[in-house]
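Note that the UniProt record's numbering has the sequence shown beginning at 24, numbered continuously upward. Worksheet: one structure, shown below.
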Amino acid sequence: TPIAAVIPAAGRGVRLGPGAPKALRALNGTPMLIHAVRAMAASRAVSLVIVVAPPDGAAEVKSLLDAHALPERTDFLVVPGGETRQESVRLGLDALPPEYEIVLVHDAARPLVPVETVDAVIEAVREGAPAVVPALPLADTVKEVEPAAEADQPEPVVATPDRARLRAVQTPQGFDRGTLIRAHETVTDNVTDDASMVEQLGLRVVVVPGHAEAFKVTRPLDLVLAEAVLARRRL
Ligand code: CTP
Ligand code: MG
24 TPIAAVIPAA
34 GRGVRLGPGA
44 PKALRALNGT
54 PMLIHAVRAM
64 AASRAVSLVI
74 VVAPPDGAAE
84 VKSLLDAHAL
94 PERTDFLVVP
104 GGETRQESVR
114 LGLDALPPEY
124 EIVLVHDAAR
134 PLVPVETVDA
144 VIEAVREGAP
154 AVVPALPLAD
164 TVKEVEPAAE
174 ADQPEPVVAT
184 PDRARLRAVQ
194 TPQGFDRGTL
204 IRAHETVTDN
214 VTDDASMVEQ
224 LGLRVVVVPG
234 HAEAFKVTRP
244 LDLVLAEAVL
254 ARRRL
């Protein structure tokens, strides 16, 4: 069955600081989005990539895709995104042709995910899981806090969840098409990933091993790390 990847790339990248929309910023001379598209197209199973562009940047994204060498076997669509990540993913799904029964959703902000991780997610969906997320154990201990009433006050700790049972979740997340579309039609809460919408439907979501290089470029230091990883790959 052919597989499509939806790449939400419509965010501004506020935490990265002033500049172009995050997905259009360069890593070692190539836009982050192009790295992310290549990471999806690297999997031979992926035959369509749907890029969800910044709302006023669809034309620019189209010409970027035309300007960079991308695999012959992969088709591309570009649609304008929305106000939230969730809305952007839904707009991408609206453009999904009916023959794609497995869908990946991958953040443009995770440009360096290795193809092994992409293929592991695909494999788990093929084996029957309605939703699959790549994830890693945590290095830090995590505390739940009671947000302080005033910004300059220390926050009281409420609990320390058992770290051994926690996972930091990455993308691409993989889905049975019908499941993901139903989740986006049904769940209206604010969520930060697609799998949590499937969890809210009461369906089974499973974890496969993620990869350190699938980290999300979020803050300025992440740009340093991403460029170092790219430089090392070229050795
Ligand atoms: N995204 C999107 N549409 C939005 C918001 C986010 O398509 N309205 C995408 C981003 O482009 C990114 C992915 O969702 O590829 C993950 O979001 P995040 O890392 O939070 O990126 P930004 O929202 O751009 O960054 P920030 O939250 O710092 O502004
Ligand atoms: Mg964001």
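Heads up, the beta-carbon is just placed ideally off N, CA and C, and yes, glycines get one too. Because the structure is a prediction, the values reported are computed rather than measured.
> Candidates Gly36, Leu114 and Glu106: which alpha carbon is nearest Ile73's?
Replying inline: Residue Leu114 is the option with its Cα nearest to Ile73.
>> According to DSSP, is Pro41 part of a helix, a strand, or is it coil?
In response: Here Pro41 sits in coil by DSSP.
>> So, under 8 Å CB-CB, Gln193 and Gly233 are touching, yes? Tell me the CB distance rounded to an integer number of Å.
In response: With a Cβ gap of about 4 Å, Gln193 and Gly233 count as contacting.
> Quick one: is the Cβ of Ser219 within less than 7 Å of any heavy atom of the ligand CTP?
Replying inline: No.
> Would you report the Cα separation of Val112 and Leu244, rounded to the nearest angstrom?
Replying inline: Roughly 27 Å between the two C-alpha positions.
> Mapping DSSP to helix, strand and coil, what is Asp232?
Replying inline: Looking at the sequence itself, residue 232 is Pro, so the reference to Asp does not match. Of the three classes helix, strand and coil, the one that applies to Pro232 here is strand, per DSSP.
> Should Arg113 be counted as a contact of the ligand MG given a C-beta to heavy atom distance under 7 Å?
Replying inline: In this structure, Arg113 has its CB at a distance of at least 7 Å from all heavy atoms of the ligand MG.
> Just how far apart, CA to CA, sit Leu224 and Leu203?
Replying inline: Straight-line Cα distance between these residues: approximately 10 Å.
> How far does the beta strand (DSSP E) with Val247 in it reach, from first residue to last?
Replying inline: Here Val247 belongs to no beta strand (DSSP E); instead the alpha helix (DSSP H) covers Pro243 to Arg256.
> So Ala131 packs on Ala49, CB below 8 Å; how close in whole Å?
Replying inline: Contact between Ala131 and Ala49 does not hold, since their C-beta atoms are separated by about 13 Å, which reaches or exceeds 8 Å.
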